[in-house]
Each structure stands twice: as C-alpha cells, then as structure tokens.
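Residue numbers (our numbering): 1 to 372.
Below, the structure written as structure tokens:
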C-alpha cells in the first residue's frame, strides 16, 4: 500500500460544509448518516450523530459536537480528538436537547435517510429548532475526492489488480471449476494483496450467466468456450474499487470477438469523454452510441457508470437520464456492456478520477481480451 498517502483533512471538509450551510441559510446541520459522519470526522462507530454549526470557523468549532454511546467512549476520543464529544445512546435526540450542544434557528437534517417517525419525534421536542429538509449536502461534497481519498482508491484498485493477475497466473480460471470456487479464491487473494475487505459480493458469471448483468455466483461449472465475466472490488480504508473484466476459456468464437471488440471501443469512448464541466448524460451518450451504431443498443441494459468512494455506488450517476455535471476530482466508473440472453455477455469496467488534463485510470488490468 502507498507509504506517501496524504492524511485526511477533516477540518477542511467541515469548513466546506459550513460554506454550504451559509449558502442555504442554515444555522446548522444534523448529520445522522454514518458514512457522512465518517467523511466529516473520521469516526467509524456504528452509532453516532453530529451537529455542524455554521457559526463555527477554522480553529474554533465549539458549536460542532459529535454524540455516540458508551461503547465508543475511547474510540471517539481517539478518532475525533478535535471535536467535543457527548455520550448518550440516543445520539441525535441528545444533541437536539443538550443544553450545551443543542442547535437553534434553521437546522438542516438529512431527510433522505431520516424516517418520518424520527422527524416527528424531533419536532415534538421542547424548544425544538426549525428542522429544514436538507438532503445530499454532504454527498455533494463527497463527489469531489481529495488526495487522501484518491490515495485510498488507488490502493484499493491496486489490490484488485494484483489479485486478478494472481488468479490468472495460478490457473484459477479454468474449465471444471465452479463460479463460487473462483469467486472465493479471488476474494481471498484481494485480502492477501492488502485489502481490508471486498467492495461487494464478487460476480463470477460463466457461459449464459455472463448475460445477466448482476449474476450471483453459483455452482455452475466453467466450460471451454465460455465467456467468464468478473465484477469485483477491494475495500481499503473505507474506500471501494470497482472493476469488470470478461475473459474466454480457450479460443473465442467469431461472435465473442465481435461483441468484445465492440464493448472495448464503447468503453474507450466513455473514458475519453470524461472531463470537468461535461454533462454525465453526454458521457453516457458517447459510449452508448458506439453500441447503438453497431445494432446492439437494446442489449446495453444499464447506465454507463457511477461515482465510487465510501460507497460502491454514489454520486454522480452516469446514465441517459442523468442531469449532473462532472467535476474535477470525481471518482467514477465507466462500464458499458452487451448482454445476449441465453448466450453470453461482455462488460468492461474501470475506476477513474476526472482530472483537468484527462482522466486518471486507477484500475490497470489489461482490457484486451484475455484467453485462459
């Protein structure tokens, strides 16, 4: 793993959130999504709430308080030494009623993750602030990765690359093995390569199963002549990699070569379209048009890609219906596919970072058709 990885600057992330609060005329934000709390503080416990005050400033965050329960007393002190911590099992409610911590005025809350019942309970509290629906404020910040985050993504991608190379080198992809056997071996090798865990359940889809975009591995046996589609990722420091490669056992037939080369050209077009200021829909169109022009448009069954980071699927989405614009520093996937039901399918996926001078490729495994 990288020895020169930059440290996370949680204070800078909270400062960016305060600027967003000012722009929305909010006095504070009550953060209850655990991944957003991790992004803003580094805290990794399973119960927490955080109030970020717009009145705070760099070096003076007296109004910003994290609350968790007694299980995490020492953990919160170690992970979040720069903020005041409150200990109470009902974390969010405690922050709204704490004489020292309770925010006042217009207080945003994460309405996309808070239940109606929870909102009603908060609203019924004595001296409750004015609660303002504020979905996606932290997620908008998370779209643009800092260099610390990009370092973690590089390490996650490197672990996945190394594991896949070793799987091929050791002859792990061969006729007679089951999808499940191959998937478990690949997952073990990602851990051996330095991953903390896997990004999601590894997809190994052989033969006709490769035409199912999100097939789950089964006891199906790999056979000579099969497409075998791999969609997998490694988890490092909370950050996910995502890569898809499709291989052939033995020599490919003409139809397999045709659709593989088609998807390869489509994927290259999508990668080349990535740039700051470009609409996500136009990136999808650049890739999709290659497949549509070849007459396979109806067999491209999903969007082109998605953001990746603390979650395996996060903003921005890259699809025909997307309305967003790419920003420099966004980490995204580009993953076109063609799926012929009952026969087989191809998907090729990379994780990349949008940069001013062209996208930075993080998944380095060859995209040429691999024969095993």
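For each residue, glycine too, the CB sits at the ideal point set by N, CA and C.
Secondary structure at residue i, three-state DSSP: helix, strand or coil?
i	result
residue 10	helix
residue 76	helix
residue 201	coil
residue 1	Confidence at residue 1 is low in this model, with a pLDDT of 46, below 50, so the placement of that residue should be treated as unreliable; the coordinate-derived value is given next. Note: residue 1 maps to coil in three-state DSSP.
residue 57	strand
residue 174	coil
residue 355	coil
residue 337	strand
residue 348	coil
residue 331	strand
residue 304	coil
residue 152	helix
residue 207	helix
residue 319	coil
residue 65	strand
residue 133	strand
residue 160	helix
residue 179	helix
residue 138	helix
residue 168	helix
residue 311	coil
residue 147	helix
residue 186	helix
residue 368	coil
Return yes when the Cβ of residue j is within less than 8 Å of the Cβ of residue i, no when it is not.
i	j	result
residue 332	residue 306	yes
residue 204	residue 179	yes
residue 325	residue 280	yes
residue 263	residue 207	no
residue 26	residue 108	yes
residue 14	residue 64	yes
residue 330	residue 354	yes
residue 175	residue 224	yes
residue 276	residue 328	yes
residue 245	residue 348	yes
residue 51	residue 28	yes
residue 173	residue 291	no
residue 143	residue 163	no
residue 372	residue 182	no
residue 344	residue 232	no
residue 129	residue 104	yes
residue 365	residue 165	yes
residue 148	residue 7	yes
residue 119	residue 131	yes
residue 273	residue 294	no
residue 217	residue 369	no
residue 122	residue 95	no
Am I right that residue i and residue j are in contact with their C-beta atoms under 8 Å? What's the rounded C-beta distance?
i	j	result
residue 58	residue 146	At roughly 16 Å, the Cβ-Cβ gap does not stay under 8 Å, so residue 58 and residue 146 are not in contact.
residue 86	residue 67	4 Å
residue 62	residue 88	So it is not a contact: roughly 19 Å between Cβ atoms.
residue 374	residue 335	The requested residue 374 is not part of the displayed model; the chain covers only 1 to 372.
residue 235	residue 199	5 Å
residue 12	residue 31	Not quite, the Cβ-Cβ distance comes to about 16 Å (not below 8 Å), so this is no contact.
residue 39	residue 222	Between residue 222 and residue 39 the Cβ distance is about 40 Å, and since that is not below 8 Å, they are no contact.
residue 237	residue 152	4 Å
residue 209	residue 220	6 Å
Considering only heavy atoms of the ligand ATP, does any lie closer than 7 Å to the CB of residue i?
i	result
residue 19	No copy of the ligand ATP occurs in the structure displayed, which carries no ligand at all.
Task: In chain order, each beta strand (DSSP E) run of at least 3 residues that lies wholly inside the region 217–294 - done: 227–232, 234–236, 243–248
Open item on the list: Report the start-end ranges of each alpha helix (DSSP H) in the region 83–130 that is 4 residues or longer and not cut off at the edges.
Closed with: 91–97, 116–123
Task: Segment contact, 8 Å Cβ cut-off, at least three pairs: the region 33–53 with the region 74–89 - done: yes
Task: Touching by the beta-carbon criterion (3+ pairs, under 8 Å), the region 207–221 and the region 258–268 - done: no
TODO: Would you be able to state if there are at least three C-beta pairs under 8 Å between the region 185–196 and the region 262–277?
DONE: no
Open item on the list: Pairs of beta-carbons, one from the region 226–245 and one from the region 153–166, closer than 8 Å: are there three or more?
Closed with: yes
TODO: Pair every Cβ in the region 131–141 with every Cβ in the region 100–119, then say whether three or more of these pairs are closer than 8 Å.
DONE: yes
TODO: Entirely within the region 15–53 and at least 4 residues each: give me those alpha helix (DSSP H) ranges in chain order.
DONE: 34–41
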